[in-house]
Amino acid sequence: MIKLCVFDMDGTILDSLEDIKTAMNHALKENNLPIHESLDKFREFTGDGQLTFVKRSIGEPLNKDEDLVNKVQKDYADYYHAHYDVYSKPYDGIIDLLNYLQDKGCKIAVLTNKPTPLARKIADNVFKGIKFEYVLGPSEEHPKKPNPSALLMMLDEFAVKPDECLYFGDTNTDMQTANNANVIAVGVTWGFRTREELVVNGAKHIITHPSQAIKLFESY
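Residue numbering for the sequence shown follows the working numbering, beginning at 379 and increasing consecutively.
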């Protein structure tokens, strides 16, 4: 029986790429750097935390300039905090899935590489009515994914065994996180990366729509 479902945020429950692109291109322009027109570029850049995202967006060799990186990161964060919900919305079927899990008494949580205050702000405003047990980003105590520390903490707090937890994500980092904690890794194909990436990095299950997560939940 599944007792805990943990979700990545961007590319898993939140369709956020357009707002991320707009905010980063704003920050790049502010610092006289080339912007990226292709949305697919941002699929490649995201997933490993904000600092890594900024460095990938700037590109080499300029991303070796610490002052520039810090300035772009601040400009990005300031803009994104103010405009995170212009285009962003839950993926089709996600609210139904989360409500279903809550109705079944399954605990649900979000584990992201977004900063925690921003992730909680998004959860509160975009996912109104959904009771997440945790909405966590990286911290000194729980480093960014694929470190499994935060996921292991949740298992311990809720007395959930690894085989009683489904972890849903759309990137290699997510599948590695799930496997590092020995929980059940579920790759979602509607997000930012490819099915192949999910399989290679240890997805136990692949789903193409949130409705399939309900069938998966019921199968355990």
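C-beta atoms are modelled at their ideal positions from N, C-alpha and C, and glycine is treated no differently. On a predicted model such as this, the values are computed, not experimentally measured, just so you know.
C-alpha distance - residue i paired with residue j, whole-angstrom precision
{"i": "residue 459", "j": "residue 512", "result": "20 Å"}
{"i": "residue 539", "j": "residue 563", "result": "14 Å"}
{"i": "residue 510", "j": "residue 382", "result": "11 Å"}
{"i": "residue 417", "j": "residue 396", "result": "7 Å"}
{"i": "residue 447", "j": "residue 535", "result": "37 Å"}
{"i": "residue 525", "j": "residue 516", "result": "9 Å"}
{"i": "residue 505", "j": "residue 544", "result": "20 Å"}
C-beta atoms of residue i and residue j nearer than 8 Å
{"i": "residue 384", "j": "residue 496", "result": "no"}
{"i": "residue 420", "j": "residue 391", "result": "no"}
{"i": "residue 388", "j": "residue 555", "result": "no"}
{"i": "residue 508", "j": "residue 475", "result": "no"}
{"i": "residue 424", "j": "residue 570", "result": "yes"}
{"i": "residue 499", "j": "residue 427", "result": "no"}
{"i": "residue 566", "j": "residue 547", "result": "yes"}
Pick from the options that is closest to residue i, judged by C-alpha positions
{"i": "residue 415", "options": "401, 426, 425 and 427", "result": "401"}
{"i": "residue 379", "options": "396, 413, 541 and 586", "result": "541"}
{"i": "residue 553", "options": "438, 543, 577 and 522", "result": "577"}
{"i": "residue 493", "options": "452, 594, 407 and 598", "result": "452"}
{"i": "residue 473", "options": "596, 517 and 591", "result": "591"}
{"i": "residue 470", "options": "536, 586 and 595", "result": "586"}
{"i": "residue 455", "options": "405, 532, 525 and 516", "result": "405"}
Contact belief for residue i with residue j at Cβ below 8 Å, rounded distance in angstroms
{"i": "residue 394", "j": "residue 466", "result": "4 Å"}
{"i": "residue 450", "j": "residue 409", "result": "5 Å"}
Worksheet entry | Those runs of the beta strand (DSSP E) which lie wholly inside the stretch 463-533 and span at least 3 residues | Whole beta strand (DSSP E) segments, 3+ residues: 485-489.
Worksheet item: Considering only residues of the stretch 406-469, which uninterrupted alpha helix (DSSP H) runs meet the minimum length of 4 residues and lie entirely inside it, listed in chain order?
Response: Considered as a whole, the stretch 406-469 harbours 417-423, 428-436 and 444-461 as its complete alpha helix (DSSP H) runs of no fewer than 4 residues, in chain order.
Worksheet entry | 4-residue-minimum alpha helix (DSSP H) runs that sit fully inside the stretch 543-577, ordered along the chain | You should have 550-558.
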